[in-house]
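Each residue of the sequence shown is one higher than the last, beginning at 302 in my numbering. We put the beta carbon where it would ideally sit given N, CA and C, even for glycine. Because the structure is a prediction, the values reported are computed rather than measured. Below: one structure, written as structure tokens.
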Amino acid sequence: MSETLEPQTSPQGGTATIERTETRELVEPGDAERFAHYVKKDKILESALSGEPVIALCGKVWVPGRDPNRFPVCPACKEIMEAAFGSDDGGE
């Protein structure tokens with residue numbers, strides 16, 4: 302014999318359903334890092350025209366397409382730049 306259970310509601314109280322809304326951002330390959338990387342300006346222009354990937358100082362390879370001002374500077378790229386050209390913080 303099969304028995305079907307019906308949800309019961311109490312006359313003193315009710316039930317409420319809370320909907321969970323998930324917001325997801327579109328993820329592209331390499332987004333786990335989310336850093337702005339140092340690349341020669343002429344290489345970025347060349348990439349914009351050809352669609353070919355660029356190689357950052359830290360070795361990351363990608364096709365630029367986002368505003369780098371929206372992301373923090375890659376710590377590895379920054380370290381390489383500071384070692385090559387000195388600190389950019391004005392001596393602080």
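Inter-residue Cα distance where the pair is residue i and residue j
{"i": "A384", "j": "L350", "result": "31 Å"}
{"i": "A378", "j": "I345", "result": "Ala is not the amino acid found at residue 378; the sequence shown has Cys there. Distance between the alpha carbons of C378 and I345 is about 16 Å."}
{"i": "P365", "j": "H338", "result": "10 Å"}
{"i": "M382", "j": "E353", "result": "24 Å"}
{"i": "K341", "j": "W363", "result": "14 Å"}
{"i": "E380", "j": "R371", "result": "20 Å"}
{"i": "S348", "j": "V355", "result": "7 Å"}
{"i": "K361", "j": "D368", "result": "17 Å"}
{"i": "R335", "j": "T316", "result": "42 Å"}
{"i": "L358", "j": "C375", "result": "10 Å"}
Residues that DSSP places opposite residue i in a beta bridge
{"i": "V374", "result": "A337"}
{"i": "I356", "result": "V362"}
Range covered by the alpha helix (DSSP H) that runs through residue i
{"i": "D295", "result": "The first residue shown for the chain is 302 and the last is 393, placing residue 295 beyond what the model contains."}
{"i": "S388", "result": "Segment: none, S388 is in no alpha helix (DSSP H) and carries neither H nor E."}
is_contact[residue i, chain B] using C-beta, thresh 7 Å
{"i": "I345", "result": "Absent from the structure is chain B; it holds one protein chain and no more."}
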